[in-house]
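In terms of the UniProt record's numbering, the sequence shown has 15 at position 15, counting the first letter as 1, and numbering is strictly consecutive.
C-beta atoms are modelled at their ideal positions from N, C-alpha and C, and glycine is treated no differently.
Every value quoted in this text rests on a predicted model; they were computed, and no experiment measured them.
Data first, discussion second: the structure below is written as structure tokens.
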Amino acid sequence: MGRCIQKSIKILHGHSDIVNDAQFSLDGSMIVSCSNDKTIRVWDVHSARQFMQFNGHSDHIITAQFSPHAYSIASCSKDRTIRLWDVQSGEKLKNIVEYPHGITDVQFSPDGEQLLTTFADNKIISWLAKSGAIAKELILKESGSRVIKTHFCSDGVRVVYCTPNKGVQVRSVISNQDITLEAHPPIITLANFSSDGQTVLTCSDDCAIRIWDAKFGIEIQKLEGHHHLVTGIELSPDGNIIAAYLNGIIRLWRSL
1 MGRCIQKSIK ILHGHSDIVN DAQFSLDGSM IVSCSNDKTI RVWDVHSARQ FMQFNGHSDH
61 IITAQFSPHA YSIASCSKDR TIRLWDVQSG EKLKNIVEYP HGITDVQFSP DGEQLLTTFA
121 DNKIISWLAK SGAIAKELIL KESGSRVIKT HFCSDGVRVV YCTPNKGVQV RSVISNQDIT
181 LEAHPPIITL ANFSSDGQTV LTCSDDCAIR IWDAKFGIEI QKLEGHHHLV TGIELSPDGN
241 IIAAYLNGII RLWRSL
């Protein structure tokens with residue numbers, strides 16, 4: 001991955017409240033975003049124009065993500081539901097689960113067959129996307145170490161997650177061993193793998209974006225100078241960075 005210069009190349013306007021998440025489709029041609037305005041929006045990267053909007057959640061939407069082939073979108077909300085949406089028709093496909101303790105994150109597995117979900121009672125569970133049945137309870141965190149966000153690596157073997165107590169961890173689902181990203185600020189808002197799984201991106205309460213070596217947990221680069229808290233971050237397949245901000249703006253940053 002090349003180093004990133006702090007130059008905004010596009011700004012996506014449309015959400016009327018805080019943007020909580022923004023992610024690329026696997027081919028890099030679309031962006032899906034979600035907001036406290038209770039909408040999910042799909043954007044064309046080339047034109048920066050919105051061409052689809054999903055309505056139906058009754059509270060703030062925390063996360064929205066394309067399936068690997070971008071046929072569907074998974075979302076979770078403070079209304080305590082996980083939903084699947086059809087990208088072609090704009091219709092809701094199904095409710096995967098309504099969970100009494102609240103849902104903090106949902107992500108597709110690399111093959112699109114499972115949904116990795118994070119819950120407010122410290123559980124991380126994977127579900128079969130087609131049936132909604134539980135596939136596996138991956139991690140049960142001890143009290144006081146609430147998992148905030150979780151992302152699958154493209155290898156399907158590792159997950160990255162962040163907690164208030166232990167910072168950012170990369171865990172092997174097979175060996176159940178962790179790698180900790182060192183020297184990170186205390187409050188982390190998100191952690192995510194790059195598409196090749198070699199690096200991890202994080203954002204935190206100091207408004208900086210950091211890039212880490214996923215194998216050794218060493219910081220590679222720090223992007224500073226942002227004026228608002230970063231609430232969502234992802235690397236596109238071609239290495240550009242997408243960042244969502246607390247003020248409702250989404251920016252794309254070009255890599256070198």
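- Segment contact: the region 33 to 47 against the region 198 to 209, fewer than three CB-CB distances shorter than 8 Å; contact not assigned.
- For L26, the CB contacts under 6 Å within the same chain, skipping 5 residues up- and downstream, are P68 in chain order.
- Counting of Cβ neighbours within 10 angstroms places R251 among the buried residues, the total reaching 16 or more.
- By the beta-carbon neighbour count (other beta carbons within 10 angstroms, threshold 16), H13 is exposed.
- Taking a C-beta distance under 9 Å as the contact criterion, K149 and T199 do not qualify as a contact pair.
- Residue state for N36 is assigned as coil, using DSSP reduced to three classes.
- Under DSSP, the beta-bridge partners assigned to C76 are T63 and I82.
- Of the other Cβ atoms in all chains shown, fewer than 16 fall within 10 Å of the Cβ of Q221; this residue is therefore exposed.
- In this structure, F108 lies near F152, with their beta-carbon atoms less than 9 Å apart.
- Sixteen is the threshold: since fewer than 16 other Cβ atoms of the shown chains lie within 10 Å of the Cβ of D86, the residue is exposed.
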